[in-house]
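Accompanying notes for the structure given below.
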Amino acid sequence: MGDRVAVRLEEPIRHEADERGWEIVALDVMPDHVGLFVGYTSRRPGSATDTSPHS
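Heads up, our numbering is the position in the sequence shown plus 40, with the first residue counted as 1.
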């Protein structure tokens, strides 16, 4: 895959990750597939990482 295509593909992936609060740990664009590994912290009430006070 050409460099221009790889850059055009990475842009929306990185944008979406930013919008959702995901950390891109690894992103590898190859001719026949994309490897993507993301990390995130759940902020849902009741999750193990929720630090908000509960009533």
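Note that beta-carbon positions come from the ideal geometry of N, C-alpha and C, so glycine has one too.
Under 8 Å between C-beta atoms of residue i and residue j
i   : j   : result
V69 : E50 : yes
The alpha helix (DSSP H) enclosing residue i, as first and last residue numbers
i   : result
H43 : A small fix is needed here, since residue 43 is Asp in this sequence, not His. Residues 43–60.
Simplified DSSP assignment, three categories, for residue i
i   : result
D72 : coil
Rounded separation between residue i and residue j - CA only
i    : j   : result
V65  : E59 : 16 Å
A57  : L76 : 11 Å
D153 : P71 : Outside the modelled stretch of the chain, which goes from 41 to 95, sits residue 153, for which no answer is possible.
V74  : T81 : 23 Å
Member of the options whose CA lies at the smallest distance from the CA of residue i
i   : options            : result
R54 : R84, R44, R83, V78 : V78
A46 : W62, A57, G61, L67 : L67
R83 : R48, V74, G42, W62 : W62
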